[in-house]
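Just below is one structure, and these are the notes that go with it.
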Amino acid sequence: MKSQQRSRKRGVMLTRQGLQKLQDAKSKSESYENFDKHYTREVLGFRMGLDPDTVAKVFACEVGVDRQTLKYCFQAFNLQLEPNDYQFANPHINPQSGNTKIKNRIDWGEAPDVSLFCGRREELATLKQWILDKSPTNQAIPCRLITLLGMGGIGKTWLSVKLTQQLQDQFEFVIWRSLFPAPLVNELLKDLIAVLSDGKETDLPEPFNHRISRLIHYLQRYHCLLVLDGADGLLQESAAREITYRDCICLHYTTTGEYYELLKRVGEATHQSCLILTSRVKSHQFIPLEGKTRPVRVFCLQGLQVTDIQELFKTKGTFRGTPDGWNRLIKSYAGNPHVLNRIATTIQQLFDGSITEFLNQKVTVFGTIFKDLDREFERLSDAAKATIQCLVLARQPISFSQLRTKMPSSVSSQELLETLELLQTRSWIDAKSGLFSLHPMMIEYVKSFIIDEKITKFQPSVFLDQEHQRQVAS
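When you line the sequence shown up against numbering that gives the first Met the number 0, it's residues 0 to 473, in that order.
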């Protein structure tokens with residue numbers, strides 16, 4: 000009996016990293032050598048010199064096999080089997096299925112309480128699929144770096160916490176950290192590595208690139224889920240202007256440049272972990288790495304639906320409104336839960352919970368909502384401000400060529416293209432089917448400051464003439 004128990008524990012299986020390497024090599028071979036057709040188990044067995052059933056065991060990662068068997072599999076695709084590619088067989092951990100609970104360590108840092116979380120079922124399902132590679136076709140590669148992108152208050156932070164809560168049993172290490180205020184890269188790396196090493200590794204080499212290497216070592220060794228929340232300030236510079244790769248090299252000794260290097264290396268290196276980043280702005284540096292089936296992806300978060308906002312409002316009190324009223328309210332604020340939470344208080348206190356009465360006032364942007372948008376607007380370039388006003392004047396989605404004819408002659412086509420990319424990354428505009436439009440809340444904001452003559456605090460040379468301003472205000 001004892002000998003049988005020992006035999007069941009013998010053998011090794013691929014880690015998540017090893018499985019990914021083998022699947023990547025197999026997919027490339029199928030693409031280049033087999034006209035994009037999948038290899039059958041029999042063909043793989045012939046290529047590897049193994050029985051087809053053994054091949055199935057290797058890819059299933061459920062039963063231990065001999066280490067030499069894994070070597071044959073890797074050699075069939077000109078790969079070298081490395082120590083991080085396999086582990087001793089453990090019937091309680093399956094790197095592919097992600098369905099079993101594993102012993103883990105969780106460090107939530109200052110993650111907020113999300114007990115009032117509403118909706119986001121589809122978003123959560125998609126992100127889980129990206130991270131655990133549970134796609135129906137099984138063609139996608141598990142994500143190593145995901146950016147949750149969206150305007151302020153849209154719910155990126157809460158979604159990252161809720162997602163992490165639902166996935167925590169699938170990872171050996173779970174770490175959630177806020178980047179506000181942004182810590183020095185070396186301090187952040189020291190913190191992460193201390194957790195991942197169970198406090199054993201605290202005396203680290205000072206150069207940040209060496210610390211990044213140590214972090215990647217742990218991301219390869221363990222199945223980790225890391226969340227860095229609020230990267231707005233770090234990515235702000237690249238959103239304001241295009242930073243070239245050479246610029247990034249020169250910035251290595253600045254906080255922004257070092258964070259770029261950290262994120263870039265985590266996105267490029269092969270490992271079995273996932274880093275989730277939340278931000279209002281998108282980094283141009285990661286565009287070459289991104290793709291729908293690539294390990295680096297961006298998830299653009301939109302507003303909540305009516306039923307979800309109604310559930311949120313119930314926690315504030317009793318509200319009255321027609322279906323059309325509810326729809327108009329949510330549309331006016333692009334389903335932004337943070338902004339609508341503020342609006343709920345105003346409706347409750349000043350209009351006795353009547354959504355219709357509030358909408359009849361035709362005042363969308365006021366108080367702290369206006370101040371928040373004002374701060375963002377003032378950071379924009381003159382070309383971006385002029386573009387926003389042209390989109391307001393258009394009153395409907397327009398194409399690039401149509402927008403170009405409405406812009407001041409001082410703004411070149413190249414500058415306009417860069418400006419539209421900037422505004423889209425900041426979630427000020429929507430781009431669908433080649434047409435551009437402003438979010439409803441942004442439209443009301445622009446109208447309000449034109450009426451209040453706040454336009455004078457910006458350079459007038461690039462803005463629309465007074466006649467156009469009057470059309471916008473009307």
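Quick reminder that beta carbons are idealized off the backbone N, C-alpha and C, glycines included.
As assigned by DSSP and simplified to three states, the class of residue i
i	result
Cys72	helix
Ile153	coil
Ser282	coil
Arg104	strand
Asp65	coil
Met12	strand
Tyr85	strand
Ala181	coil
Val113	coil
Leu148	strand
Val194	helix
Ser408	coil
Trp175	strand
Lys361	coil
Ser272	coil
Glu414	helix
Arg120	helix
Gly17	helix
Lys431	strand
Asp228	strand
Arg327	helix
Phe376	helix
Leu80	coil
Leu214	helix
Cys60	coil
Arg240	Only weak support is given to the placement of Arg240: the predicted model assigns it a pLDDT of 41, under 50, and the value that follows is read from those uncertain coordinates. In the structure shown, Arg240 sits in coil (DSSP, three-state: anything other than H, G, I, E or B).
With 16 other Cβ atoms within 10 Å as the buried cut-off, status of residue i
i	result
Ser237	Because Ser237 carries a pLDDT of 44, less than 50, the predicted location of this residue cannot be relied on, and the following value inherits that uncertainty. It is buried - the Cβ of Ser237 has at least 16 other Cβ atoms within 10 Å.
Ile286	exposed
Tyr444	buried
Ile92	Low confidence applies here, because Ile92 scores a pLDDT of 48, under 50, leaving its location unreliable and the question unanswered by this model.
Cys60	buried
Lys36	exposed
Arg245	Residue placement at Arg245 cannot be trusted, given a pLDDT of 33 that sits under 50; the coordinates are not used to answer.
Leu13	buried
Val410	buried
Pro111	exposed
Ser400	exposed
Ser408	exposed
Gln413	exposed
Gly320	buried
Asp197	exposed
Beta carbon of residue i nearer than 9 Å to that of residue j
i	j	result
Lys127	Gln165	yes
Thr336	Gly154	A small correction: the amino acid at residue 336 is Pro; Thr does not occupy that position in the sequence shown. Yes, these two residues count as a Cβ contact at 9 Å.
Gly10	Val62	yes
Ile145	Cys223	no
Leu339	Ala383	no
Val280	Arg425	yes
Leu300	Glu122	yes
Asn103	Gln167	yes
Ser447	Thr418	no
Gln219	Thr269	yes
Trp157	Phe298	no
Ala24	Asn83	no
Gly232	Leu191	no
Thr344	Lys315	yes
Ile342	Arg264	no
Tyr38	Ser30	no
Leu488	Glu267	Residue coverage of the chain in this structure runs from 0 to 473, which leaves residue 488 outside it and unanswerable.
CB-CB length for residue i against residue j, believed under 8 Å
i	j	result
Gly324	Ile354	5 Å
Leu358	Leu328	7 Å
Arg210	Gly108	Not confirmed; about 19 Å, so no contact.
Trp427	Ile397	Incorrect: roughly 15 Å between the Cβ atoms, too far for contact.
Leu131	Pro141	7 Å
Tyr332	Met406	Actually they do not touch by this definition, with Cβ atoms about 28 Å apart.
Val362	Arg143	At roughly 46 Å, the Cβ-Cβ gap does not stay under 8 Å, so Val362 and Arg143 are not in contact.
Ala193	Glu186	So it is not a contact: roughly 11 Å between Cβ atoms.
Arg40	Pro51	4 Å
Phe318	Glu257	With a Cβ gap of about 48 Å, Phe318 and Glu257 do not count as contacting.
Tyr217	Leu188	Between Leu188 and Tyr217 the Cβ distance is about 11 Å, and since that is not below 8 Å, they are no contact.
At least 3 beta-carbon pairs within less than 8 Å: the stretch 12-21 vs the stretch 46-60: Contact between the stretch 12-21 and the stretch 46-60 is present: 3 or more CB-CB pairs across the two stretches fall below 8 Å.
Segment contact, 8 Å Cβ cut-off, at least three pairs: the stretch 218-233 with the stretch 274-282: Segment contact: the stretch 218-233 against the stretch 274-282, three or more CB-CB distances shorter than 8 Å; contact assigned.
The stretch 393-400 in contact with the stretch 431-438 per 3-pair CB rule at 8 Å: yes
Given 8 Å, three or more beta-carbon pairs between the stretch 175-188 and the stretch 363-374: At 8 Å Cβ cutoff, the stretches do not touch.
The stretch 115-129 / the stretch 288-306 touching (three or more Cβ pairs under 8 Å): yes
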